[in-house]
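Below: one structure, written as C-alpha cells.
Residue numbers (the UniProt record's numbering): 1 to 489.
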C-alpha cells in the first residue's frame with residue numbers, strides 16, 4: 001500500500017522490476033510504505049477499498065482497511081480477508097510490457113505473491129476465515145485457476161461491489177455457502193444513492209465524480225457500465241473526508257473527467273466549471289486521472305473550456321501544472337477505426353492523428369502534462385500501423401508529455417507460466433520504443449527541472465530519478481550501438 005510519494009506518475013515504476021538499482025531502492029522510489037496509525041490503519045488507502053469499507057460500515061458491519069504489514073493483529077479473529085489489486089498477476093499493461101521486455105517479475109506481482117502466501121494467512125484460512133478477491137484486475141484470476149486453489153480464494157467479485165459486498169458479508173456471518181465467482185453487470189450496478197461515501201482518506205486524495213463512459217472502445221470494460229454522475233454535494237462530502245485527514249492535494253477521478261455532466265460525448269462547460277471551483281475550494285493542487293483527447297480538443301475549440309478550467313486550477317502559487325493520463329493507443333487512423341471507432345468523436349476517425357496532435361498542443365499551451373498510453377502488438381495491427389504511430393511520436397516531440405507504449409498480450413498466453421517469453425518485438429516495435437525513450441528522457445528532464453517534485457522534502461527522490469535517467473540513457477546508447485546485431489538474430 002503506497003501513495004507513490006504523492007505523485008501518481010511514479011506508480012508506473014511500481015509496475016516494473018528494479019532496473020539499474022537494487023530492488024529496495026526501486027521500491028522506495030516507486031512505492032514507499034504508507035504511514036499507519038496504532039491500529040494498523042493506513043493514513044491513506046486505495047479508493048476502491050475505501051468504497052468497500054464504507055459500504056460495510058454503513059450496513060452495520062465492523063470493517064476496516066488494514067495495511068498488509070499489520071494484518072497479524074486481526075487474522076486470529078477476522079471472519080473475512082478482502083483483497084484488491086490493480087494488477088494481481090501483472091497481466092495488464094504496463095506490467096506485462098515490463099515483464100515481456102525484461103523477462104523479470106514486476107514488483108507489484110512479487111509484492112502480492114509475498115502477501116497472499118504468508119503462513120499466518122494460511123493458518124487463519126485453516127481456522128475458517130474467508131478470502132474474497134475483487135478490484136479492477138479480478139478477471140486475471142480466471143486465467144490462473146491454479147492460484148485460486150493454491151491460496152484458497154473463496155469468492156471472486158467482478159464488477160461494482162458496493163451493494164453485493166454487503167450481501168456477501170452477511171452470508172459469511174451466517175456461515176452460508178459462498179459463490180466461487182460473481183459478475184456484477186450493468187443491470188445490477190448500484191445507483192448513485194446506493195454508493196457510500198468514503199470514511200477515511202483516499203490515496204493522493206482521489207475522489208470519484210462519475211462512473212461509466214460512452215465511447216465504447218473494444219478493449220475497455222468501463223464502457224459496459226451505465227453512466228452515472230455524482231452530484232456536487234456527494235463529491236463535497238468525500239473532499240471533506242480527505243481534507244479533515246490532512247490531504248490537501250487530490251485527483252479528480254473518472255474514465256474521462258471532461259465527460260462529467262456531458263450530453264453523450266459532448267462536454268458541457270457549466271458542470272465542469274462548477275466541479276473545478278468546488279474541488280479547488282478544498283484542494284491546493286489537483287490532477288485528472290483520465291481524459292480523452294477528442295474531448296480535450298472539442299472542449300477547447302468549441303468553448304475555450306480547457307483555458308477556462310486552467311484559470312480555475314492555477315488560481316494560486318501552489319499549482320504550476322496539471323497531470324493527466326490520456327489514451328493515444330495508436331497513430332494509425334486505419335487501426336483506430338478497427339478497434340475504437342468512437343475514440344475520435346465528434347471528429348472523424350480518419351483524422352484521429354490530427355485530433356491527438358491538436359489535443360497535445362492544447363495541453364502544452366495550458367501546462368497540462370499528459371502521460372500518453374499506446375497499445376502495440378494488437379492482432380489487427382500491421383507494420384504500417386506501427387510506423388504511423390512512430391510518425392505520430394515524431395509529431396508530438398514539441399509537446400511536453402510522457403509517452404507509455406504498452407504491448408498487447410493475447411489472453412490465451414496467460415495460461416502458461418512462461419507467457420512472457422512469447423512476446424516478440426518486430427523491428428518496427430523496437431524503433432517505436434527507441435523513439436519513445438528519447439522523447440520521454442527529453443521531456444522527463446524538463447518536467448523535473450521546471451515542475452515536478454519541488455521543495456526540500458522531494459530532493460532525495462528527485463536526485464534518485466535523475467540518477468535513474470542517467471543510467472537509462474547510458475544503457476540505451478549501448479543498446480543502440482548493438483541494435484543492428486540484435487535485429488539480425
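Cβ atoms here follow ideal geometry from the backbone N, Cα and C, with glycine treated the same way. Source: prediction; values computed, not measured.
I'd like the list of long-range same chain contacts for residue i, defined as Cβ closer than 8 Å, with 5 residues on each side in sequence excluded.
i: residue 190; result: 160, 162, 163
i: residue 268; result: 261, 262
i: residue 313; result: 276, 280, 286, 319, 322
Report the residue from the options whose alpha carbon sits nearest the alpha carbon of residue i.
i: residue 239; options: 213, 211, 259, 204; result: 204
i: residue 32; options: 57, 67, 39, 53; result: 67
i: residue 35; options: 129, 1, 461; result: 1
i: residue 277; options: 315, 261, 331; result: 315
i: residue 326; options: 304, 347, 202, 357; result: 357
i: residue 253; options: 236, 245, 288; result: 288
i: residue 40; options: 111, 23, 63; result: 63
i: residue 122; options: 149, 16, 144, 242; result: 149
i: residue 53; options: 195, 311, 92, 230; result: 195
i: residue 56; options: 390, 168, 342, 439; result: 168
i: residue 7; options: 334, 461, 466; result: 461
i: residue 439; options: 128, 459, 395, 172; result: 395
i: residue 274; options: 209, 225, 444; result: 209
i: residue 9; options: 448, 171, 176; result: 448
i: residue 246; options: 446, 310, 42, 302; result: 42
i: residue 101; options: 407, 441, 211, 231; result: 407
Here's the rule: buried if 16 or more other CB atoms are within 10 angstroms of the residue's CB, otherwise exposed. What is residue i?
i: residue 471; result: exposed
i: residue 382; result: exposed
i: residue 283; result: buried
i: residue 307; result: exposed
i: residue 219; result: Since pLDDT at residue 219 reaches only 49, below the 50 mark, its modelled position is unreliable, and the value read off the structure follows with that caveat. Residue 219 should be labelled exposed.
i: residue 393; result: buried
i: residue 4; result: buried
i: residue 398; result: exposed
i: residue 340; result: buried
i: residue 366; result: buried
i: residue 450; result: exposed
i: residue 186; result: exposed
i: residue 11; result: buried
i: residue 180; result: exposed
i: residue 82; result: buried
i: residue 92; result: buried
i: residue 229; result: buried
Check the C-beta distance from residue i over to residue j and give it rounded, since I have them as a contact under 8 Å.
i: residue 65; j: residue 200; result: 7 Å
i: residue 492; j: residue 86; result: There is simply no residue 492 to check, as the chain begins at 1 and stops at 489 in what is shown.
i: residue 138; j: residue 158; result: 5 Å
Quick one: residues in its chain with C-beta nearer than 7 Å to the C-beta of residue i, no 5 flanking neighbours on either side, listed in chain order?
i: residue 337; result: 349
i: residue 237; result: 197
i: residue 387; result: 428
i: residue 436; result: 393, 403, 405
i: residue 444; result: 402, 469
i: residue 45; result: 1, 65, 200, 202, 203
Taking 8 Å as the cut-off, is the C-beta of residue i nearer than that to any heavy atom in the ligand SAM?
i: residue 168; result: No copy of the ligand SAM appears in this structure; indeed no ligand is present at all.
According to the Cβ coordinates, are residue i and residue j closer than 9 Å?
i: residue 21; j: residue 464; result: yes
i: residue 359; j: residue 297; result: yes
i: residue 331; j: residue 369; result: no
i: residue 28; j: residue 89; result: no
i: residue 405; j: residue 373; result: yes
i: residue 124; j: residue 156; result: no
i: residue 172; j: residue 79; result: yes
Quick one: what's got a C-beta closer than 6 Å to residue i's C-beta in the same chain, skipping five residues either side?
i: residue 344; result: 294, 352, 355
i: residue 206; result: 47, 251, 253
i: residue 497; result: Residue 497 lies beyond the residue range present for the chain, which begins at 1 and ends at 489; the question has no answer from this structure.
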